[in-house]
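Q: Residue numbers (full-length UniProt numbering): 1 to 295.
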Amino acid sequence: MYYKMSDNTGDLNTLRLVLVGKTGVGNSAAGNALLAKKEFKSSFSDSSVTKDCARGEGEVAGRRVVVVNTPGLFDTKLSNVEIVSEIVKCIQKSSPGPHAFLLVLKLGRYTEEEQKTVQIIQEVFGKSASKYMMVLFTHRDCLDDDGQTIEEFLKNADKNLKQLVESCGNRFHAININDLKDQEQANVLLEKVENMVKINGGCFSNDLYELEEKRKADEARHQKEIEELRKKNEEDAEKLKQANVANEIIAKMQEMNMKLITMMVEQMKKTNEDNMKCMAEQLKQPQKVESCCVS
Numbered sequence: 001m002y003y004k005m006s007d008n009t010g011d012l013n014t015l016r017l018v019l020v021g022k023t024g025v026g027n028s029a030a031g032n033a034l035l036a037k038k039e040f041k042s043s044f045s046d047s048s049v050t051k052d053c054a055r056g057e058g059e060v061a062g063r064r065v066v067v068v069n070t071p072g073l074f075d076t077k078l079s080n081v082e083i084v085s086e087i088v089k090c091i092q093k094s095s096p097g098p099h100a101f102l103l104v105l106k107l108g109r110y111t112e113e114e115q116k117t118v119q120i121i122q123e124v125f126g127k128s129a130s131k132y133m134m135v136l137f138t139h140r141d142c143l144d145d146d147g148q149t150i151e152e153f154l155k156n157a158d159k160n161l162k163q164l165v166e167s168c169g170n171r172f173h174a175i176n177i178n179d180l181k182d183q184e185q186a187n188v189l190l191e192k193v194e195n196m197v198k199i200n201g202g203c204f205s206n207d208l209y210e211l212e213e214k215r216k217a218d219e220a221r222h223q224k225e226i227e228e229l230r231k232k233n234e235e236d237a238e239k240l241k242q243a244n245v246a247n248e249i250i251a252k253m254q255e256m257n258m259k260l261i262t263m264m265v266e267q268m269k270k271t272n273e274d275n276m277k278c279m280a281e282q283l284k285q286p287q288k289v290e291s292c293c294v295s
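1) Do you know whose CA, among Ala-54, Asn-257, Gly-58, Lys-159, lies nearest Glu-86's CA?
2) Quick one: using the 10 Å Cβ neighbour count with 16 as the cut-off for buried, is Glu-152 buried or exposed?
3) Look at Met-133 and Phe-101 and say whether their C-beta atoms are less than 8 Å apart.
4) Is there contact here, the segment 223-230 with the segment 102-111, by at least three beta-carbon pairs under 8 Å?
5) Are Pro-98 and Val-18 close, meaning C-beta to C-beta below 8 Å?
6) At which residue ranges does the segment 134-159 contain complete alpha helix (DSSP H) runs of 4 or more residues, listed in the order of the chain?
7) Starting from Phe-125 and walking both ways along the beta strand (DSSP E), at which residues does that stretch end?
8) Span of the alpha helix (DSSP H) holding Lys-239?
9) CB Asn-29 to CB Ile-177, shorter than 8 Å?
10) Looking at Leu-103 and Val-65, is the spacing between their C-beta atoms short of 8 Å?
11) Using a Cβ-Cβ cutoff of less than 7 Å, which residues in the same chain neighbour Met-167 once the five nearest sequence positions on both sides are dropped?
12) Grab me the residues of Ser-94's own chain with a C-beta within less than 7 Å of its C-beta, minus the 5 sequence neighbours each way, in chain order.
13) List the residues that DSSP assigns as beta-bridge partners of Leu-15.
14) Using the three-state DSSP reduction, which class does Lys-181 fall into: helix, strand or coil?
15) If you draw a straight line from the C-alpha of Ser-42 to the C-alpha of Lys-239, how long is it?
16) Helix, strand or coil for Leu-107, going by three-state DSSP, please let me know.
17) Could you name the residues of the same chain whose beta carbon sits closer than 8 Å to that of Asn-187, not counting the 5 residues immediately before and after it, in chain order?
As structure tokens, this is what we get:
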């Protein structure tokens, strides 16, 4: 499979973020925190509320932010066909390509299975996707309660977690998913993403995203052709309607002309008959000089 980085740096006022993570780590709540509104269904239990790939968007500090939640990519209960379907949905909802893959991890709950997250993403999207990956830790409030920063936490973390963060270019961020009013935590993350975009030269893209863009372009072209055909049919129908109206007017005028001609002929006949009667009377009375002919 061929992978490449998008040649177009795009509008930095629009950022597309793809959330990837295991069930129960707070994917949906993280999406809500980033958008500062309840866009995705979430709960405090470990069960996944959002089952299908979902897209949400909003404006954060003057930026248009698109968040794509992909719980199905890491659902072990799904078949290969269902997983492929979720990948297609993810590509469609994040097209023309995400600016960042955010690996959502819950602080204090890091498993060996989650260590394979980077590998799974690389298998799905290609190795170059790691340039666009960032670890997003949820439940930052646990650190706040202990008076600890995320940097201090990682400094004392186990080797596997450190390796995961290193595989993402040491890019990480921590948020409190329970506080939707704290927009500063979202602003800082978006600034980190924007810096990553500048370094990478644009959003992530590969042959799958290019196929999706081609599909969208073909669909738009077909819709345009259908719309043009519809307009042409409407114009032709209007022209035909106008032509029918014109024909009706011509027919009515011809009918009126025929009636008028018939009336004139009848009037002429009557006038001639009156004149003939007048002349006959005149012949009977030759002594009258005056004429009684009808003019």
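Just so it is clear, CB atoms sit at the ideal spot from N, CA and C, and this is done for glycine as well.
A: So, from the listed chains and residues:
1) On the sequence shown, position 86 is the one that residue 86 refers to. The shortest Cα separation from Glu-86 among Ala-54, Asn-257, Gly-58, Lys-159 belongs to Ala-54.
2) Working through the sequence shown from its first residue, we reach residue 152 at position 152. It counts as exposed.
3) Position 133 of the sequence shown, counting from 1, holds the residue named residue 133. Position 101 of the sequence shown, counting from 1, holds the residue named residue 101. Yes.
4) no
5) Position 98 of the sequence shown holds residue 98. Position 18 of the sequence shown holds residue 18. It is a contact, given that the beta carbons lie within the stated cut-off.
6) 141-146, 150-155
7) On the sequence shown, residue 125 is found 125 positions in, with the first residue counted as 1. No beta strand (DSSP E) holds Phe-125; the alpha helix (DSSP H) holding it covers 117-125.
8) Taking the sequence shown and counting its residues from 1, the one referred to as residue 239 is at position 239. It spans 207-284 - the alpha helix (DSSP H) in which Lys-239 sits, taken as one unbroken run.
9) Numbered from its first residue, the sequence shown carries residue 29 at position 29. Numbered from its first residue, the sequence shown carries residue 177 at position 177. The amino acid at residue 29 is misidentified as Asn; the sequence shows Ala. Yes. Within cutoff.
10) Start at 1 with the first residue of the sequence shown, and residue 65 comes out as number 65. Start at 1 with the first residue of the sequence shown, and residue 103 comes out as number 103. Their beta carbons are not under 8 Å apart, which means Val-65 does not touch Leu-103 by this criterion.
11) Translated into the one-based positions of the sequence shown, residue 167 becomes position 167. Looking at the sequence itself, residue 167 is Ser, so the reference to Met does not match. These residues qualify, in order along the chain: Val-118, Ser-130.
12) Position 94 of the sequence shown, counting from 1, holds the residue named residue 94. These residues qualify, in order along the chain: Arg-16, Val-18, Val-68.
13) Here residue 15 refers to the residue found at position 15 when the sequence shown is read from its first residue. DSSP lists Val-65 as partners of Leu-15.
14) In the sequence shown, counting from the first residue as 1, residue 181 sits at position 181. If DSSP states are grouped into helix, strand and coil, Lys-181 belongs with coil.
15) Translated into the one-based positions of the sequence shown, residue 42 becomes position 42. Translated into the one-based positions of the sequence shown, residue 239 becomes position 239. If I take the Cα positions, the gap works out to 57 Å.
16) If you number the sequence shown from 1, residue 107 lands on position 107. In the structure shown, Leu-107 sits in coil (DSSP, three-state: anything other than H, G, I, E or B).
17) Counted from its first residue, the sequence shown places residue 187 at position 187. Taken in chain order, the residues that qualify are Val-60, Ala-61.
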